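Since the structure comes first, as structure tokens, the remarks are kept for the end.
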Amino acid sequence: HNNSVEMKHVKKLRKKLYSIKKTEGIGFVHGKGKRKTALQRSIETLEDYHKKFKEYTNKIHLCGNRNSYSKTDTDATFMRMKEDAMKNGQLKPAYNLQHGVDSEYITWLTIGPQPTDTTTLIPFLESMEKHLNFKYLKIVADAGYESEENYSYIENNNQIAFIKPANYEISKTRKYRNDISRIENMNYNYDGDYYTCKNNKRLYA
Numbered sequence: 005h006n007n008s009v010e011m012k013h014v015k016k017l018r019k020k021l022y023s024i025k026k027t028e029g030i031g032f033v034h035g036k037g038k039r040k041t042a043l044q045r046s047i048e049t050l051e052d053y054h055k056k057f058k059e060y061t062n063k064i065h066l067c068g069n070r071n072s073y074s075k076t077d078t079d080a081t082f083m084r085m086k087e088d089a090m091k092n093g094q095l096k097p098a099y100n101l102q103h104g105v106d107s108e109y110i111t112w113l114t115i116g117p118q119p120t121d122t123t124t125l126i127p128f129l130e131s132m133e134k135h136l137n138f139k140y141l142k143i144v145a146d147a148g149y150e151s152e153e154n155y156s157y158i159e160n161n162n163q164i165a166f167i168k169p170a171n172y173e174i175s176k177t178r179k180y181r182n183d184i185s186r187i188e189n190m191n192y193n194y195d196g197d198y199y200t201c202k203n204n205k206r207l208y209a
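The sequence shown begins at 5 in my numbering and counts up one residue at a time.
This is how it looks when you write it as structure tokens:
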């Protein structure tokens, strides 16, 4: 099957093997000293594959778009905590709580399984806009929320983004500003949508 095995393939093969067992009247044996037929061994192996297939399929379904989940709380995702008493970078099952503030008042809250803040912004804004009777025109967030996807969403939603660039602090250093390999230090042509490097070569995205 083009190196791809699905549950239906396993079920189909299992059904075929059981049909052979019934047609040929082959009995299964169990216990020490009992010699199993090749068909019995094949069926038992296939049953084990079928069981594992169901187990892995269920785990993939539980995981969804995440990279991990907790066995004791399947909605939680393993995340790196800011508080690391053991200093070993241990991951712990947790949730990512987001809140929006307006004039020192919390106006909206969300909680989700995303391990990084970057992927929480769009779901947060969508949820807030859906349940509140107005839309904020200015979105202020720290560097943890910076991404091209977030910028595009905010712009397409007719809002203005005030998100601190992740490289803001380092971009103020002389070494950074003099680095000719950085695209930020190249001239950009808006009409042609290309950059010009130090060697006067055009670079297209």
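Note that CB positions come from ideal geometry on N, CA and C, so glycine has one too.
Source: prediction; values computed, not measured.
Residue i bridges to which residues according to DSSP?
{"i": "Pro97", "result": "Phe82"}
{"i": "Arg206", "result": "Thr200"}
{"i": "Tyr180", "result": "Note: Tyr180 sits in no beta bridge, so no partner."}
{"i": "Val144", "result": "Phe166"}
What residue from the options has the CA that sits closest to residue i's CA?
{"i": "Asn171", "options": "Leu95, Glu159, Arg206 and Arg186", "result": "Arg186"}
{"i": "Tyr194", "options": "Asp183, Thr76 and Leu207", "result": "Leu207"}
{"i": "Asn182", "options": "Arg39, Lys202, Asn69 and Tyr155", "result": "Lys202"}
{"i": "Thr111", "options": "Glu152, Gly93, Glu173 and Leu136", "result": "Leu136"}
{"i": "Lys176", "options": "Asn189, Ala165 and Ile164", "result": "Asn189"}
{"i": "Tyr213", "options": "Ile126, Glu10 and Lys75", "result": "This structure does not reach residue 213, given that the chain is present from 5 up to 209, and the question cannot be answered."}
{"i": "Thr78", "options": "Glu51, Cys67 and His34", "result": "Cys67"}
{"i": "Val105", "options": "Ala98, Thr114 and Arg39", "result": "Thr114"}
Near residue i, what residues of its chain come up, given a Cβ to Cβ distance below 6 Å and the 5 sequence neighbours on each side ignored?
{"i": "Asp121", "result": "Gly148 and Tyr149"}
Quick check: residue i and residue j, are their CB atoms within less than 7 Å of each other?
{"i": "Phe82", "j": "Gln102", "result": "no"}
{"i": "Gln44", "j": "Phe57", "result": "no"}
{"i": "Asn100", "j": "Thr124", "result": "yes"}
{"i": "Pro117", "j": "Arg70", "result": "yes"}
{"i": "Thr41", "j": "Ile24", "result": "no"}
Leaving aside the five residues before and after residue i along the sequence, list all residues of the same chain whose C-beta is less than 8 Å from its C-beta, in chain order.
{"i": "Ile167", "result": "Ile143, Val144, Ala145, Asp146, Ala147, Tyr149, Glu150, Asn154 and Tyr155"}
{"i": "Lys15", "result": "His54"}
Can you tell me whether residue i is helix, strand or coil according to DSSP?
{"i": "Phe138", "result": "coil"}
{"i": "Asp106", "result": "strand"}
{"i": "Tyr60", "result": "helix"}
{"i": "Thr27", "result": "helix"}
{"i": "Asn191", "result": "strand"}
Given residue i, which residues of its chain have a CB within under 7 Å of its CB, disregarding the five upstream and five downstream residues?
{"i": "Ser72", "result": "Thr81 and Phe82"}
{"i": "Leu141", "result": "Gln163 and Ile164"}
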